[in-house]
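Using our numbering, you'd call the opening residue of the sequence shown number 346 and step up by one each time.
Yeah, the Cβ is synthetic: ideal placement off N, Cα and C, and Gly gets one too.
Each remark here refers to the structure printed beneath this line.
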Amino acid sequence: MKKKMGSSSMSSSFEQPSSSLRPSSSSSLLTGSFPTRSNTNTKKLSKEKLEKDKKVCKDFNLKTNESKGRKITKRRSIFDLRTSKMRTSKTDDDLSDGSSGSNPGGERNMTGTKQGRLYDTRHAYKPGGLIVDEMIYGIKMAHLSCTDDSDTRLVGSSANSIAALVHLVEGNDMNGSPIEHPEIFIKLKLSEILKQKFSLNLDCWIDESGVRKGRPVDTQGYIASNEDIIILSYRFSTSLFDWIANFNIKSSEWEPAVDEALGHAGLMSSCGGWFTKFCTTKEGKPRVHTSYYNNFIYTIPMIREHIINKLMKKDGTPKKVYVVGCSLGAAISQIAFCFILEEMTPYLKDPNFMNHKLISVTAGCPRVGDRKFRKVMMKRMALLKPLNRAVICRCVYNNDIVPHAPPNVLKFHHLDKLVYITKNGDNLIINPNMSKIFTKFGELQKIYTTLFNKKKVEVTENVEENIHKAQDTIHEVQDNIAENIHEVQDNIADAITKKEGHQRISSGTAASDVVAAVAKGNAEEEKEKRKTAFEIECEHALEGIHDHMPYWYMTFLEKIRDEQNAMFSSDNDAAVTPATSNGNNHGSDLMTSIREDPAKEESAPQETESDGDDGVDVAAC
Numbered sequence: 346m347k348k349k350m351g352s353s354s355m356s357s358s359f360e361q362p363s364s365s366l367r368p369s370s371s372s373s374l375l376t377g378s379f380p381t382r383s384n385t386n387t388k389k390l391s392k393e394k395l396e397k398d399k400k401v402c403k404d405f406n407l408k409t410n411e412s413k414g415r416k417i418t419k420r421r422s423i424f425d426l427r428t429s430k431m432r433t434s435k436t437d438d439d440l441s442d443g444s445s446g447s448n449p450g451g452e453r454n455m456t457g458t459k460q461g462r463l464y465d466t467r468h469a470y471k472p473g474g475l476i477v478d479e480m481i482y483g484i485k486m487a488h489l490s491c492t493d494d495s496d497t498r499l500v501g502s503s504a505n506s507i508a509a510l511v512h513l514v515e516g517n518d519m520n521g522s523p524i525e526h527p528e529i530f531i532k533l534k535l536s537e538i539l540k541q542k543f544s545l546n547l548d549c550w551i552d553e554s555g556v557r558k559g560r561p562v563d564t565q566g567y568i569a570s571n572e573d574i575i576i577l578s579y580r581f582s583t584s585l586f587d588w589i590a591n592f593n594i595k596s597s598e599w600e601p602a603v604d605e606a607l608g609h610a611g612l613m614s615s616c617g618g619w620f621t622k623f624c625t626t627k628e629g630k631p632r633v634h635t636s637y638y639n640n641f642i643y644t645i646p647m648i649r650e651h652i653i654n655k656l657m658k659k660d661g662t663p664k665k666v667y668v669v670g671c672s673l674g675a676a677i678s679q680i681a682f683c684f685i686l687e688e689m690t691p692y693l694k695d696p697n698f699m700n701h702k703l704i705s706v707t708a709g710c711p712r713v714g715d716r717k718f719r720k721v722m723m724k725r726m727a728l729l730k731p732l733n734r735a736v737i738c739r740c741v742y743n744n745d746i747v748p749h750a751p752p753n754v755l756k757f758h759h760l761d762k763l764v765y766i767t768k769n770g771d772n773l774i775i776n777p778n779m780s781k782i783f784t785k786f787g788e789l790q791k792i793y794t795t796l797f798n799k800k801k802v803e804v805t806e807n808v809e810e811n812i813h814k815a816q817d818t819i820h821e822v823q824d825n826i827a828e829n830i831h832e833v834q835d836n837i838a839d840a841i842t843k844k845e846g847h848q849r850i851s852s853g854t855a856a857s858d859v860v861a862a863v864a865k866g867n868a869e870e871e872k873e874k875r876k877t878a879f880e881i882e883c884e885h886a887l888e889g890i891h892d893h894m895p896y897w898y899m900t901f902l903e904k905i906r907d908e909q910n911a912m913f914s915s916d917n918d919a920a921v922t923p924a925t926s927n928g929n930n931h932g933s934d935l936m937t938s939i940r941e942d943p944a945k946e947e948s949a950p951q952e953t954e955s956d957g958d959d960g961v962d963v964a965a966c
């Protein structure tokens, strides 16, 4: 066993984020123990939280410990002779993808079918499980791509990018010393941040931009590593070329070996497959988004040199390979992950090969390939998941708009399960069934509603509220006037005296009202001045863009992790002691895959994580 590097505090919360996940954490990520249920902590679970979880399970029709994955449908009539097994089975199309045959948009009858579940640490530690610590670490590494080693780094960066950077470097450095001024620390070079905060060496900076062979290319990112971890991170949209890539809806054939030498996706390849279909006898190949694919192609030599060659070394050590990105970077990173997966599957599927693990972590990832591309990659994932050697964490927060691009009507598809973060980070749902929302053209309506209707509703509500307030004020004034007139008529004898007294009272009340209004205005003005640029940006952002900010992904995943830690004992000794006393050590790392030999586990059947793969999320996020 390797000597562990310095550990760091893993606790943080959304309200008061503390130390971030540092890979000294390469040791904590590589050599942890399976957490056991703590009776004390379980009793402390709030009733409110449990009620919220029940409501979410009901709203999303999720699997629970009390419910079975499927329900037997009723017989259609007395002449329906199908057995119960026949009435619960699914077609091959349903097993592979949500959109099939007569329902090209992904619409299916899901009545009575439960799919997906709430995130639970007990499931996460099974082979192929999705682990929240890996998600947090991956998103942090993805967001670090927004800076670099140049003198102009962070120039023109948005307020939400700066806020996310500050958050991810908070806590202690590798020496255990607190970082007192994170807003200054983020101004260091990327290589220095990686070294001081995460114990990683910057191996390669990726910068391919401009027009290459008539095609716009703009790709930035980095490759970093230490003895246990390799990071491949791509930058999100920052330039005009990036947005050109985002709005491109063409696809190209997936043939990286050919296109690497060619330098682009090919001319006839991007003609929608019609040339292959009508002018050749070849079967159509898997297809990927042309712009994302073109950006990826120029990084293949760096991937071979700094990642694949390291993984192929016979005298190397087991490594975790994080391929990460946000937004546009997420799309490119997912294509890069598929390339590494394709190159390494022939070796990693052998239990005797070095026990590496490939991890894709994306935040707000667009769709990258067609159905055939998804099917090919999922077959490779099926070979490696039982060995815990590959996992895809495709994270989406609430109403993030980017995962809906390109729309499902254009026949693009996502890879693997959806990891859905509900609003305000209340719940983390693995593979929920979204088919009822995103059916056929329903997604286009959802996109429009997210971008425009909600803002219109807010404006309308504000206008109506102001009108009601004005009407109430007018009625109050009218009532006061009528009351004053009646009072004068009833007391005509001392009208002058009462009138003077009333005027004095009114003038005093008016003066106090003016003072109160001025004080209120000053307080609101002072409050506006105290707002940070990030808060102002969030207030003015559309909901779909607001939910796309990496800051929410990081902070809400940390919030969910802390809630899980409250449910489970995080003390490794408490987990190992009972297991040892029974003569059976169940302590496994997040990674049984990294430190243990999968060949030894073949004799005992492993239960792979089942989150409803038989009903893969449809078309949507």
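query                                                                                                                       : result
Cβ separation of Lys-904 and Gly-709, assumed to be a contact under 8 Å, to the nearest whole Å                             : So it is not a contact: roughly 18 Å between Cβ atoms.
Val-822, buried or exposed, once every other Cβ within 10 Å from all chains shown has been counted against 16               : exposed
Sequence-distant residues of its chain with Cβ nearer than 6 Å to Pro-943 (five each side left out)                         : Because Pro-943 carries a pLDDT of 41, less than 50, the predicted location of this residue cannot be relied on, and the following value inherits that uncertainty. The residues are Pro-696, Leu-732.
Cβ shell of Trp-550 (< 7 Å), same chain only, five flanking positions each side left out                                    : Asp-493, Asp-494, Tyr-567
Contacting residues, own chain, Cβ-Cβ under 7 Å from Glu-393 (five flanking each side not counted)                          : none
Three-state secondary structure (DSSP) of His-526                                                                           : coil
Cross-strand partners of Ser-596 (DSSP beta bridge)                                                                         : His-634
contact_flag[the region 474-482, the region 520-530] where n(CB pairs < 8 Å) is 3 or more                                   : no
Boundaries of the alpha helix (DSSP H) in which Lys-540 is found, first to last residue                                     : 535-543
Gln-679 vs Val-721 beta-carbon contact at 9 Å                                                                               : no
Pro-748, DSSP secondary structure in three states                                                                           : helix
Other residues of its chain near Asp-548: CB distance less than 7 Å, five sequence neighbours each side excluded            : Ile-568, Ala-569, Ser-570, His-651
Close Cβ partners of Phe-530 (< 6 Å) along its chain, the five nearest in sequence each way excluded                        : Val-514, Ile-524
Whether His-883 touches His-891 by CB criterion (9 Å)                                                                       : Per the sequence shown, residue 883 should be read as Cys rather than His. Yes, these two residues count as a Cβ contact at 9 Å.
Contact belief for Lys-297 with Glu-600 at Cβ below 8 Å, rounded distance in angstroms                                      : Because the chain is modelled from 346 through 966, residue 297 falls outside the range shown and cannot be assessed.
Asp-425 - containing alpha helix (DSSP H), residue span                                                                     : Where Asp-425 is concerned, there is no enclosing alpha helix (DSSP H), given that its DSSP letter is neither H nor E.
Test item: CB-CB of Val-633 and Val-669 under 9 Å                                                                           : no
Test item: CB-CB of Gly-501 and Phe-581 under 9 Å                                                                           : no
With 16 other Cβ atoms within 10 Å as the buried cut-off, status of Leu-686                                                 : buried
Selected residue, minimal CA-CA separation from Ser-506, among Gly-516, Cys-491, Pro-748                                    : Cys-491
Lys-471 versus Asn-640 - alpha carbon distance                                                                              : 35 Å
Helix, strand or coil at Arg-739 according to DSSP, with G and I counted as helix                                           : strand
Same chain only: Cβ atoms within 6 Å of Phe-698, ignoring 5 sequence neighbours per side                                    : Tyr-692
Enclosing alpha helix (DSSP H) for Ser-678 [first to last residue]                                                          : 673-693
Continuous alpha helix (DSSP H) stretch holding Leu-513: start and end                                                      : 504-514
Sub-9 Å separation of Ile-704 and Val-736 beta-carbons                                                                      : yes
Unbroken beta strand (DSSP E) run spanning Asp-404, endpoints                                                               : From DSSP, Asp-404 is part of no beta strand (DSSP E) but of the alpha helix (DSSP H) over 392-405.
Backbone CA spacing between Pro-777 and Thr-818 [nearest angstrom]                                                          : 49 Å
Selection from Lys-664, Ala-681, Asp-715 that minimises the alpha carbon distance to Ser-597                                : Asp-715
Cut-off 6 Å between Cβ atoms - residues of its own chain near Arg-906, not counting five sequence neighbours on either side : Val-477
Ala-750 Cβ short of 8 Å to the ligand GTP heavy atom set                                                                    : The ligand content of the structure shown is nil, which means the ligand GTP is not present either.
Alpha carbon of Lys-730 to alpha carbon of Cys-740, nearest angstrom                                                        : 18 Å
N- and C-terminal bounds of the beta strand (DSSP E) containing Gln-565                                                     : 560-570
Local conformation of Tyr-667 per DSSP, three classes                                                                       : strand
Straight-line gap, Phe-757 to Val-556 (C-alpha atoms, nearest Å)                                                            : 26 Å
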